[in-house]
Amino acid sequence: MLSYFANPQRFDQLARIAIPVFGAATLILLGAGIYMSFFASPPDYQQGDTVRIMYVHVPAAYMASALYAALAGASFVYFVWRHAIADAAAAVIAPIGAVFTALALATGSIWGKPMWGTWWEWDARMTSVLVLFLVYLGYMALRSALEDAQQAARASAILAMAGVINLVIVKFSVEWWSSLHQPAAVFRADGPTIHSSQLWPLGLMALGYTMLAGWLVFYRLRTRAIARRADALMRQKESGGRK
Amino acid sequence: MTSASLSRTVTPAPKFPDLRLSVSDLGLSRGDMVLARDLGLALGPGEALLLTGRNGTGKTSLLRALAGFIEPDTGAIRLNDEPAALAAADTIAWLGHADGLKPGETPRSALRFWADLYGQPRTAIMPALRALEIDHLIDRPAARLSRGQQRRCGLARIVLAHRPLWLLDEPAGPLDAEGRACLAALVASHRARGGLVIAATHQPLDWPDARSLDMGAI
Amino acid sequence: MGVLTAIFAREARLAWAGGGGAAGPAAFFLAAITLAPLAIGPAADLLAAAGPGILAFAALLSVLQSAERLFGDDFSDGTLDLYLLTPTSLAALCLAKVMGQASATLWPLPLIGVLGGLMYGLPPISALVLGAALLAAIPALALIAGFAGALAAGIKRGGLLIALIATPMMVPVLIFAAGAGRSAFAGDERAVANLLLTLAISLGTVALAPFGIAAAVRGRLG
Chain A
35 MLSYFANPQR FDQLARIAIP VFGAATLILL GAGIYMSFFA SPPDYQQGDT
85 VRIMYVHVPA AYMASALYAA LAGASFVYFV WRHAIADAAA AVIAPIGAVF
135 TALALATGSI WGKPMWGTWW EWDARMTSVL VLFLVYLGYM ALRSALEDAQ
185 QAARASAILA MAGVINLVIV KFSVEWWSSL HQPAAVFRAD GPTIHSSQLW
235 PLGLMALGYT MLAGWLVFYR LRTRAIARRA DALMRQKESG GRK
Chain B
484 MTSASLSRTV TPAPKFPDLR LSVSDLGLSR GDMVLARDLG LALGPGEALL
534 LTGRNGTGKT SLLRALAGFI EPDTGAIRLN DEPAALAAAD TIAWLGHADG
584 LKPGETPRSA LRFWADLYGQ PRTAIMPALR ALEIDHLIDR PAARLSRGQQ
634 RRCGLARIVL AHRPLWLLDE PAGPLDAEGR ACLAALVASH RARGGLVIAA
684 THQPLDWPDA RSLDMGAI
Chain C
79 MGVLTAIFAR EARLAWAGGG GAAGPAAFFL AAITLAPLAI GPAADLLAAA
129 GPGILAFAAL LSVLQSAERL FGDDFSDGTL DLYLLTPTSL AALCLAKVMG
179 QASATLWPLP LIGVLGGLMY GLPPISALVL GAALLAAIPA LALIAGFAGA
229 LAAGIKRGGL LIALIATPMM VPVLIFAAGA GRSAFAGDER AVANLLLTLA
279 ISLGTVALAP FGIAAAVRGR LG
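Protein chains in written order, with my numbering: chain A, 35 to 277; chain B, 484 to 701; chain C, 79 to 300.
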C-alpha cells in the first residue's frame, strides 16, 4: 500500500481526497467537541469548571505521543524501504507534533494552577512531556542542520527511531524519580474517576484533534510536493534560458 | 635517487586473485543533481581507469558509490559477481580527499594502527614508506608534514592495505613531480600484480594504457 | 594487536596527545561544582541535599563538552570512510573508539565526584556511592554523546546541536546516578537499587548504542 502511494501522482490523487475529508471531519468533530466540552457537559463535582481544561489538554497530550509514534513509524519505513514519501511524512509530522506537545504543556500548566496551586509541577507526566518536547526540538534541529537531503533523511530517521527506545526508558525512569518524593495529595484527573458525562466531550475532542493532525499532515505534504515541483520547474527554466 | 627507489618498489610480490569490477545501469544523483544515468563499466585484473571532468561532475560521488558509501539510485555494482557492498571490506583500498592523519600522530604510529586494522604485518610499514620516499619522515608529527608528504603517507597506507582494488580520489593533487613518479611506479607495480586502480583526477596522469571516463560527458 | 584493542589504544593515545586527555572535562567539572554553591548560597543543609544532583548534572555537562570532537575529527579527515572499509563490524569499531576516548578523558569524573560530594557536606559513604554511580554512568553518557556526535558529525558549530540531541537521552542515567547519591544521603534503602539501575542503563546502552552509532556514521557518509 505504501509503495503504491510512493508514486507522486498517486499520492497527489490521495491527497486531493484526503485533505477535504480530514478538513470536514475536523470541523465537525472539533465543533461538536468544543460545544460538548464548554456548554453541554456538567462541571466536575470536585474541580468545577476547571475540568473543562482537561478537554483541550488530554487530547493534546495524546496527540503529542501519537504523532511521535507516527514520526518514528514513518522513519522506520524510510530507513528500511527508502520510500521518499515516508521521509517527507516524517519531516512534516515533526513540527506538528512539536506544536501539539507545546499545547499539551501550556494547557497542562494552565490546568495546574487551579489544581496544584502552581503553574508548573514536576510530576512524572508533565516532565515526560517536556522531555518529549526536547526530543522533537532535537529532531527538527538535526534535520535543518544537515544540508544534503539524503543525509538529513537518514540521520533524522535514525534519531527518531532511537527516540522511541529513549522515551520508553524516560517514562519509566521519570516515574521512578517522582516516586522518590511523594508530592502533596493531588487530584487524579484521569483513571477511574472520569465520569461518563466527561467521556463524550473527551472522546470527540480526541477524534477532532486526530483529524486535525491528519489534515495538517496531508496539507503540508501536498504543499511540500508542490514546492518541490515549482523548484524543479524553476531550475528547468533557468537552464533552458542559458541554452 | 628516483631510479634507485623505483627499482625498490618493484619487488616481486604475489599476484592478487583475479578480480573483476562490473557496473551496470548505474544511476547516481545528489539531491536534485543527476550525476550519472545508465552508466556501465567493466574493469579486469591489471586495468586502470581515470575519472576525469570538471569540478562538480560527480567524480568523487562515483568513487564513493563504488566504495559502497553512497547507495546508487539504480543499477548494480559487482565485484566478481558479488554485490560490491559485501565484498568491499577486504577488497578496496580507499584514498579520500583527506589522508586520515591526526596532527599529533607520526607516520609510524598511524601506519602501525592501519597495519593492525588491515591485518597486515608491521614489517610491511617500512617498505611502504620507502616506496614513497618518506621513510626518513617516519617519526615526524603529521602537523609538521607538508600536504604532499601527508599525501605520500596516505599512499603508503594504500600500499600497506594490500587490497586488489584501489580507489583514489585526486591521488596526485598535492604531489610534486617526484611524488607523481612514485605514484605512477606504485600503480604500475600494483597493476602488474593483477590489481585494479580507479582514480578521480582533474590533472592528466600519465599512466600507460589507462582508460579514462569523462564524467562531464555522461 | 587485535583490531578493537588497536582502536581503543589509538583513541586513548590521541585523546592524551591532541586533546589534553582528561584535563578538559576534569577542569570543566571542577569549575561547574565550584560555581554552583556560589549561585545557591552557602547553607550547608541545602548544599548537601542538592549536592548529588549538582554533581551528576555537572558530570553530564563535562561529557557533552568533548562530544563534538569524538566523531567530528574522524568525519572531516576521512578516517570514518576508512573504518567502513575494514572487515571488522562498524558497531564494534565505534564501541571501541568511544570507550577508548572515554577511558582517557573521563576517568577523573568519579574521583572529583567523591571529592565534590565531601565538599558539599555529604557523609563519606554517600560521596562514595555517588562516585560509584558516576563511574557506572560513564559508559552510557559517553556512548549517548557519541551517538549524538556521530549524527551531527561535520556540522559547523555542532556542539549545541549535539547537546540538544543528547540531553533527552541522558535523562534516565542522570535520574539514577543522582538518585543513588540522593538516596544514600537520605539513608534511603533505594541507593543500591539506583546504583544497579544506573549500571543497567549503561549496559543496555553498551548493547544498543554501537548499532545506532554505526547506522549514524553510515548515514552521514552516504
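Quick reminder that beta carbons are idealized off the backbone N, C-alpha and C, glycines included.
Item, Value
"Run through DSSP, which three-state label would V220/A get?", "Low confidence applies to V220/A: its pLDDT is 41, below 50, so where it sits in the model is not reliable, and the reading given next is rough at best. V220/A falls in the coil class under three-state DSSP."
"Using beta carbons (cut-off 8 angstroms, strictly below), is L504/B in contact with chain C?", "no"
"Below 8 angstroms between beta carbons is the criterion; list the residues of the segment 556-580 of chain B that meet it against any residue of chain C, in chain order.", "A571, A572, D573, I575, A576, W577, G579, H580"
"Suppose only complete runs of 3+ residues qualify. What are the beta strand (DSSP E) ranges in the segment 518-604 of chain B, listed by chain order?", "531-535, 557-562, 575-578"
"Please compile the residues from chain A whose C-beta is within a distance smaller than 9 angstroms of the C-beta of D652/B.", "Those within 9 angstroms of D652/B in chain A number zero; the least Cβ separation is about 18 angstroms."
"Is it buried or exposed, M698/B, if we count other Cβ atoms within 10 angstroms and call 16 or more buried?", "buried"
"Expressed to the nearest angstrom, what Euclidean distance is found between the alpha-carbon atoms of R276/A and L518/B?", "Here the model assigns R276/A a pLDDT of 47, short of 50, so the residue's position is not dependable, and the following value carries that caveat. Distance between the alpha carbons of R276/A and L518/B: 19 angstroms."
"Can you say whether E554/B is buried or exposed, counting buried as having 16 or more other CB atoms within 10 angstroms of its CB?", "exposed"
"Let me check understanding here. Comparing Cα to Cα, which of D265/A, F252/A, A259/A, K271/A lies closest to T60/A?", "F252/A"
"Let me confirm a value: Y79/A is counted as buried when at least 16 other C-beta atoms fall within 10 Å, else exposed. Which label applies?", "exposed"
"When you compare the CB of G699/B with every CB in chain C, is at least one pair closer than 8 angstroms?", "no"
"Suppose the cutoff is 6 angstroms on Cβ atoms and the five residues either side in sequence are ignored; what does the same chain contact list for F221/A look like?", "Confidence at F221/A is low in this model, with a pLDDT of 44, below 50, so the placement of that residue should be treated as unreliable; the coordinate-derived value is given next. Hits under 6 angstroms: M149."
"Which chain C residues are close to G172/A, counting only those with a beta carbon under 7 angstroms from its beta carbon?", "L242, I243, P246"
"Between the alpha carbons of W156/A and Q184/A, how many angstroms are there, rounded?", "39 angstroms"
"Please report the Cβ distance between T135/A and A98/A, rounded to the nearest whole angstrom; I am assuming they are in contact, meaning their Cβ atoms lie under 8 angstroms.", "4 angstroms"
"With a threshold of 16 other CB atoms inside 10 Å of the CB of P76/A, please say whether the residue is buried or exposed.", "exposed"
"According to the Cβ coordinates, are L184/C and A220/C closer than 8 angstroms?", "yes"
"Should G67/A and M239/A be called a contact, given that it needs their Cβ atoms to be closer than 8 angstroms?", "yes"
"Does the segment 656-667 of chain B come into contact with the segment 624-638 of chain B, if we say contact requires no fewer than three beta-carbon pairs (one atom in each stretch) closer than 8 angstroms?", "yes"
"Considering D151/C, what are the terminal residues of the beta strand (DSSP E) in which it resides?", "Where D151/C is concerned, there is no enclosing beta strand (DSSP E), although the alpha helix (DSSP H) it sits in stretches over 145-154."
"List, in order along the chain, the chain B residues whose C-beta lies closer than 7 angstroms to that of A183/A?", "G514"
"Check whether chain B comes within 8 angstroms of A266/A, counting only Cβ atoms and requiring the distance to be less than that.", "yes"
"Taking the beta carbon of H673/B as the centre, do at least 16 other beta carbons fall within 10 Å, making it buried, or is it exposed?", "buried"
"Please classify V270/C: is it buried, with 16 or more other beta-carbons within 10 angstroms of its beta-carbon, or exposed?", "exposed"
"Against chain C, which members of the segment 199-211 of chain A pass a CB distance test of less than 9 angstroms?", "I199, N200, L201, I203, V204, F206, S207, V208, W210, W211"
"Would you call the CB atoms of A49/A and R258/A closer than 8 angstroms?", "no"
"Here's a check: name, in chain order, each residue in its chain whose Cβ is nearer than 7 angstroms to the Cβ of Y161/C, leaving out the five neighbours to either side.", "L168, L171"
"Kindly list the residues whose CB is nearer than 8 angstroms to the CB of Q216/A, restricted to its own chain and excluding five residues on each side of it in sequence; keep chain order.", "In this prediction, Q216/A has a pLDDT of 47, which is less than 50 and means its spatial position is unreliable; what the coordinates show is noted afterwards. Closer than 8 angstroms at Cβ, skipping near neighbours: no residue."
"Tell me whether P246/C is buried or exposed, calling it buried when 16 or more other Cβ atoms sit within 10 Å of its Cβ.", "buried"
"Using a Cβ-Cβ cutoff of 9 angstroms, what residues of the segment 538-555 of chain B are near chain C? List them in chain order.", "R547, A550, G551, F552, I553, E554"
"Judging by CA-CA distance, which residue of A266/A, E272/A, G248/A is the nearest neighbour of G57/A?", "G248/A"
"Got a sec: is the Cβ-Cβ distance from V169/A to anything in chain C below 8 angstroms?", "yes"
"On the DSSP bridge assignment, give the partners of M516/B in chain order.", "R513/B"
"At the level of alpha carbons, what is the spacing between A110/C and A264/A?", "51 angstroms"
"Since D582/B meets chain C, which of its residues come closer than 9 angstroms, beta carbon to beta carbon?", "D155, G156"
"Below 7 angstroms between beta carbons is the criterion; list the residues of the segment 80-95 of chain C that meet it against any residue of chain B, in chain order.", "V81, A84, R88, L92, A95"
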